[in-house]
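Numbering (the numbering used here), first residue to last: 0 to 102.
By construction, the Cβ of each residue, glycine as well, lies at the ideal position given by its N, Cα and C atoms.
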Amino acid sequence: MVTNLGACVPDDLLVDEVRRIRPDAVVCSTVNGHGRIDGARMIRRLRADPDPDVAGVPAILGGKLGIDGDRDPGVLSELLEAGFTTVFTDQARPRTSISCSVA
């Protein structure tokens, strides 16, 4: 089962829903070019949660990470260092698909 929280989810709502649902993973997509900023803020909030099950949930980000596309190679490492498990850019063509269920 997948639970879609919608667009532009506030950080606290995301953390509250992770706490309530206890998903196998959190998957965030971005199309507006603000993924680098919004994603970093969101993952830091999630990783700072005092509940280790919430803070440790795998988190995947994909899409348009910046308004300049994939021109900045530091974006991926910045987001991984912030706490994402995996990051896919808008131009990425993964060889395998990711399927996550939220229970």
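{"Check": "Taking 7 Å as the cut-off, is the beta-carbon of Met41 closer than that to any non-hydrogen atom of the ligand NAD?", "Outcome": "The model on display carries no ligand, and the ligand NAD is accordingly not part of it."}
{"Check": "Along the chain, where does the beta strand (DSSP E) that runs through Ile66 open and close?", "Outcome": "No beta strand (DSSP E) contains Ile66, which DSSP labels as neither H nor E."}
{"Check": "Report the three-state DSSP secondary structure of Val25 (helix, strand or coil).", "Outcome": "strand"}
{"Check": "Are there 16 or more other CB atoms within 10 angstroms of the CB of Pro49, so buried, or fewer, so exposed?", "Outcome": "exposed"}
{"Check": "Need the endpoints of the alpha helix (DSSP H) that Val30 sits in, please.", "Outcome": "No alpha helix (DSSP H) contains Val30, which DSSP labels as neither H nor E."}
{"Check": "Taking the continuous alpha helix (DSSP H) assigned at Val74, which residues delimit it?", "Outcome": "73 to 81"}
{"Check": "Are Thr84 and Ala58 touching if we call contact CB-CB under 8 Å?", "Outcome": "yes"}
{"Check": "Taking 8 Å as the threshold (C-beta atoms), are Ser28 and Gly73 in contact?", "Outcome": "no"}
{"Check": "Going by Cα to Cα distance, which pick from Pro9, Leu45, Gly65 is closest to Arg21?", "Outcome": "Leu45"}
{"Check": "In three-state terms, what does DSSP make of Val86?", "Outcome": "strand"}
{"Check": "Taking the alpha-carbon positions, what's the Thr2 to Gly38 distance?", "Outcome": "19 Å"}
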